[in-house]
């Protein structure tokens, strides 16, 4: 895919214990946001709601600290892993934005976009990488597309022929180019199929632009700074390749996903997965088969023509044989 989607599994000895701490942070974060919302009430009516929600719920990593709490250490190690992988260094112009989500399951489909870049800097600069770390298993996948902001605004999806789906599994980590590719989480199965909440840690990397966010305060989350940031903690192991599924991915599907997010459309995707190895993998790329209604109709017409050709040939041969026998 154009968005360079990749997947890893995070490993290290105390991972399970720290996962529980991070999940508690996610839940505690909801209370912190209520307090922050009261302090920032003067901005609420002055900014678009999505932009306000974005600056309310996310933080910047303080790169000057030498010791981190477990949440900051996760964010730092994730940052350093990807910067090293991409050949970057953590210089002064690199900024690290992160947030946590612990939303309960719902029957809704939600599309994510970078409201800060669209509102504050008119889309001139965007985060160059987005990452998601799943803290627990869940069956509401992240959907990633190759649709850019310009294609979204112009509703031009005629060249779009694939989507990727990543199902949350505890310890799973994905990354994709964060510039302007549309993504979101979609309920592809009926709500009765779900059980857990959906705790995730999202990290975005910026180069040359500092989002107007506050630094993360570990004391609000009752977390101690016990990790030396220069001692690696996390190990990233490559996951299995994405499982490819061939189906019908057309312009109408993208319009439905990006603009109306109808439940029926999402459930159709779920049906495709359950009949194509959903229980064998948790990362999928669904690609258009290239078989459109026009070609199906053309194929049927060709069959009809061939049928009548042979039918006519048989009747004609029988008539010739009949005349030959009468003459004889």
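Residue numbers (the numbering used here): 79 to 406. No residue lacks a Cβ here, since even glycine has one placed at the ideal position from N, Cα and C. Keep in mind the model is a prediction, meaning the values are calculated, not measured.
Handout entry: Ordered list of alpha helix (DSSP H) runs contained in the stretch 291–336, each at least 4 residues
Key = 329–333
Handout entry: Bounding residues of the alpha helix (DSSP H) (the contiguous stretch that carries residue 156)
Key = 148–164
Problem - residue 315 classed as buried or exposed, judged by whether at least 16 other C-beta atoms fall within 10 angstroms - result: exposed
Exercise for the section: Locate the alpha helix (DSSP H) running through residue 361, then write down its first and last residues. Expected result: Not the alpha helix (DSSP H): residue 361 falls in the beta strand (DSSP E), residues 361–366.
Problem - Cβ separation of residue 97 and residue 251, assumed to be a contact under 8 Å, to the nearest whole Å - result: The Cβ separation is near 12 Å, so there is no contact.
Handout entry: Buried or exposed (CB count within 10 angstroms, at least 16 for buried), residue 369
Key = Confidence at residue 369 is low in this model, with a pLDDT of 49, below 50, so the placement of that residue should be treated as unreliable; the coordinate-derived value is given next. With fewer than 16 other Cβ atoms within 10 Å, it is exposed.
Handout entry: Distance between residue 144 and residue 169 (C-alpha atoms, nearest Å)
Key = 15 Å
Practice task
Could you name the residues of the same chain whose beta carbon sits closer than 6 Å to that of residue 350, not counting the 5 residues immediately before and after it, in chain order?
Solution key: 325
Problem - Rounded C-alpha distance that separates residue 262 from residue 292 - result: 25 Å
Problem - Three or more C-beta pairs below 8 Å linking the stretch 230–240 and the stretch 296–306 - result: The answer is no - the stretch 296–306 does not touch the stretch 230–240, with fewer than three Cβ pairs under 8 Å.
Handout entry: Counted within 10 angstroms of its Cβ, other Cβ atoms place residue 312 as buried (16 or more) or exposed
Key = By the neighbour-count criterion, in which 16 or more other beta carbons inside 10 Å mark a residue as buried, residue 312 falls on the buried side.
Exercise for the section: Kindly list the residues whose CB is nearer than 7 Å to the CB of residue 285, restricted to its own chain and excluding five residues on each side of it in sequence; keep chain order. Expected result: 171, 172, 206
Exercise for the section: Would you tell me roughly how many angstroms separate the C-alpha atoms of residue 283 and residue 337, rounded to the nearest one? Expected result: 27 Å
Practice task
Could you tell me if residue 281 is buried or exposed, where buried requires 16 or more neighbouring beta carbons within 10 angstroms of its beta carbon?
Solution key: buried
Handout entry: For residue 138, three-class secondary structure by DSSP
Key = The answer is strand: DSSP assigns residue 138 an E or B state.
Exercise for the section: Measure the CB-CB distance between residue 323 and residue 382 and report whether it falls below 7 Å. Expected result: no
Practice task
Just mark residue 184 as buried or exposed, buried being the case when its beta carbon has 16 or more other beta carbons within 10 Å.
Solution key: Its pLDDT being 47, under 50, residue 184 is placed unreliably by the model, and nothing is read from it.
Exercise for the section: Determine the extent of the alpha helix (DSSP H) in which residue 227 is found, giving its start and end residues. Expected result: 227–232
Exercise for the section: Give a yes or no on whether the C-beta atoms belonging to residue 277 and residue 221 are separated by under 7 Å. Expected result: no
Exercise for the section: Mind reading off the beta-carbon distance from residue 59 to residue 225? Whole number of angstroms is fine, and I expect it under 8 Å. Expected result: Any question about residue 59 goes unanswered here, given that the chain covers just 79 to 406.
Practice task
Keeping to the same chain, check which residues put their C-beta closer than 7 Å to that of residue 319; ignore five residues upstream and five downstream.
Solution key: For residue 319, there are no CB contacts under 7 Å within the same chain when 5 residues up- and downstream are skipped.
Exercise for the section: Kindly indicate the opening and closing residues of the beta strand (DSSP E) around residue 240. Expected result: 240–244
Practice task
Could you tell me the boundaries of the beta strand (DSSP E) in which residue 281 lies?
Solution key: Residue range 278–285 is occupied by the beta strand (DSSP E) that includes residue 281.
Practice task
For residue 251, name the three-state secondary structure that DSSP assigns.
Solution key: Residue state, collapsed to three classes: strand.
Handout entry: Boundaries of the beta strand (DSSP E) in which residue 84 is found, first to last residue
Key = 84–89
Exercise for the section: Confirm, please, whether the CB-CB distance from residue 154 to residue 307 is below 7 Å. Expected result: yes
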